[in-house]
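>
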Amino acid sequence: MPRVGLVREGSGGRFGSALGTLTRTLRDDLWTARPDPLPRSWRDWQPVLLLLVAFVVFPIGIIGVNEAIWQYGLGQGLGVVLGAIPPLAVVCSVQRPVRAWWAVTVTMVLVAVLARPQGSQMYPWTGSGIALHAAVLFVLALRMRPRIAAEALGISVLAGAVCTLAASPVHNPDLYRAAVIFCVTVLVGAALRGRREARTQLEAQTELTAEERARRTLLEERTRIARELHDVVAHHMSVISIQAQVAPHLVAEPSEALRENLIGIRANAVDALAELRRVLGVLRSEDDLSSAMRHVPQPTLDRLDELVDNVRGAGLDVETRITGERRALSPGVELSAFRIVQEALSNVLRHAPGATIRVEVGYQATGLALRVANTAPPAAGVVAGVGAGAEGGGHGLLGMRERVAMLGGEFADGPIPGGGYEVVARLPLGSGT
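Those letters in the sequence shown? Residues 13 to 445, by our numbering.
1) With a 10 Å radius around its C-beta and 16 neighbouring C-beta atoms as the bar for buried, classify Ile428 as buried or exposed.
2) In the DSSP assignment, find the unbroken alpha helix (DSSP H) run with Pro98 in it and report its ends.
3) Which first and last residues belong to the alpha helix (DSSP H) in which Leu380 is found?
4) Can you tell me where the alpha helix (DSSP H) holding Glu346 begins and where it ends?
5) So what's Gly426 in DSSP terms, helix, strand or just coil?
6) Give the DSSP-derived three-state secondary structure of Val308 in the structure shown.
7) Are the beta-carbon atoms of Asp48 and Ile160 separated by less than 8 Å?
8) Who pairs with Ile369 in a beta bridge, going by DSSP?
9) Exposed or buried, what is Trp137 when buried is set at 16 or more other beta-carbons lying within 10 Å of its beta-carbon?
10) Grouping DSSP H, G and I as helix and E and B as strand, with all else coil, what is Ala337?
11) For Pro440, which residues from the same chain have a beta carbon less than 7 Å from its beta carbon, with the 5 sequence-adjacent residues on both sides left out?
12) Looking at the unbroken beta strand (DSSP E) that takes in Arg111, where does it start and where does it end?
13) Rounding to the nearest angstrom, what Cα-Cα distance links Leu274 and Ser253 in this structure?
14) Can you tell me the Cβ-Cβ gap for Val148 and Ala101, rounded? I've got them flagged as a contact below 8 Å.
15) Which of the three DSSP states is assigned to Pro49 in this structure?
16) Report yes if the CB atom of Arg370 is closer than 8 Å to the CB atom of Glu331, and no otherwise.
17) Report buried or exposed for Glu272, applying the criterion of at least 16 other Cβ atoms within 10 angstroms of its Cβ.
18) When the Cα atoms are used, what is the spatial distance from Gly430 to Leu262?
19) Could you check where the alpha helix (DSSP H) with Glu434 kicks off and where it finishes?
20) From this set, Val125, Ile167, Phe70 and Arg108, which residue's C-alpha is nearest Leu144's C-alpha?
21) For Arg338, which residues from the same chain have a beta carbon less than 7 Å from its beta carbon, with the 5 sequence-adjacent residues on both sides left out?
22) Using only CA atoms, which one of Ile352, Leu288 and Val151 lies nearest to Val416?
23) So, with DSSP's three-state summary, where would you put Val169?
24) For Ser29, count neighbouring Cβ atoms within 10 angstroms of its own Cβ and tell me buried if that reaches 16, exposed if not.
25) Tell me, please, which residues DSSP counts as bridged to Gly374.
26) Taking DSSP as the reference, what is the three-state secondary structure of Ala256?
27) With H, G and I counted as helix, E and B as strand and the rest as coil, what does DSSP make of Trp43?
28) Compare the C-alpha of Asp283 against each of Glu224, Gln310, Val258 and Trp43 and name the closest.
29) Taking 8 Å as the limit between beta carbons, can you name the residues of its chain near Val245, skipping five residues before and five after?
30) Taking buried to mean at least 16 other C-beta atoms within 10 Å of its own C-beta, is Arg205 buried or exposed?
31) By DSSP, does Ala264 sit in helix, in strand, or in coil?
32) Taking buried to mean at least 16 other C-beta atoms within 10 Å of its own C-beta, is Thr387 buried or exposed?
33) Identify, in the order they occur along the chain, each residue of the same chain with its Cβ nearer than 7 Å to the Cβ of Val390, setting aside the five sequence neighbours on each side.
34) Start and end of the alpha helix (DSSP H) containing Leu313?
35) Assign Pro136 to one of three DSSP states: helix, strand, or coil.
The following block contains the structure:
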């Protein structure tokens, strides 16, 4: 093939590719693109805004209908239709700016093709047509990206120029005046849109800064609480641990029961110190509590026997019953189940000393069932137990409910026949991962 043919074929291919890209861009921008969401002030006053726009453009629409009928010779039927479309398009542009622009542009072309101007009438737009077309372009520039507004502006002016040249190739100042008006309205609309976007970004940044400040304040408060807890509680727990370790050596021939109780006191004090340090680490962490907790060892139901033994060592009779296939669960379910049982047992220790406790754990196909119940304590007139923490000064039941609610489970508590109290919880196995 001759070299010239190759050059022509290559040039034609590049031109076709560029034309295809331009067509796709215009189709995406001027057919399928969605406008920006209406500003909140527009949404709040949208009915009033539509009525106001209709009130303003209605007189202009009447003028446009009269122009189309009497000055451009379109006849009453066609003149009413083509004269009414632009004002209706202005009202619709609040919600559908691109479609409204298409409506006024097509209407302008139809008027230019079908009109028979009488004398020196404006062409290709009527006087009212220029005003209404500019209004639609203004709203479009407010609601759409600047590139789309520029494309709509260019097509509007180009369509007017083609109609003018087709009708009369002589100089037509009406086209220049319309182009200047359209450019000004689009520039003003784009500037207002840019100002609105800048204000929105500033508000978002201000909100983000406020959230960061609140987060920093919370972190500082947590650090202060952690420091105070460490200074006060950790010191006393350390003293308890040391005293429990030294106490057997201060008594001549201490009994085995005394030794075991002191060993239990020291073990509980050491465990409490470890738990306290873990919580203090979470309080000092800059991460979210849930993410910080994932980086430290969490108690699970594997330590249930150890927990029950501690309560038995305090003098309570505890019976445990585990049903179903015992297996490892998600960390959130394991931790919540352990804490619920732990809090229930602690409430019995505080509020129903001497009561008999029954702990039931049921491994089911879709959930984990927990039940902690205690009999009435020996002391006459006392009706308390696993749920009493919520009735007194603590937050036992509240904490249990919150844990169950976070996992999407079910929780119930209340007195049981014959005296005593029970807490029942069901945790779905698919939560808490």
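For glycine and all other residues, C-beta sits at the position ideal for the given N, C-alpha and C. Since we're looking at a predicted model, the values are computed, not measured.
The relevant details are as follows:
1) exposed
2) Gln88 to Cys104
3) Counting along the chain, Leu380 falls outside any alpha helix (DSSP H), though it belongs to the beta strand (DSSP E) covering Gly379 to Asn386.
4) Pro343 to His363
5) strand
6) With a pLDDT of only 49 at Val308, under the threshold of 50, the placement of this residue in the model should not be trusted; the figure read from the coordinates follows. It is coil, neither helix nor strand.
7) no
8) Val330 and Asn386
9) buried
10) Checking the displayed sequence, the identity of residue 337 turns out to be Glu instead of Ala. The answer is coil: DSSP assigns Glu337 none of H, G, I, E or B.
11) Thr378, Gly379, Leu419, Gly420 and Gly421
12) First-last for Arg111: Pro109 to Leu126, but that is the alpha helix (DSSP H), not the beta strand (DSSP E).
13) 9 Å
14) 6 Å
15) coil
16) yes
17) exposed
18) 45 Å
19) Glu434 -> not in any alpha helix (DSSP H); beta strand (DSSP E) instead, spanning Tyr433 to Pro440.
20) Phe70
21) Tyr375
22) Ile352
23) helix
24) exposed
25) Thr335 and Ala381
26) helix
27) helix
28) Gln310
29) Leu288
30) buried
31) coil
32) buried
33) Looking at the sequence shown, residue 390 is not Val but Pro. Gly366.
34) Segment: none, Leu313 is in no alpha helix (DSSP H) and carries neither H nor E.
35) coil
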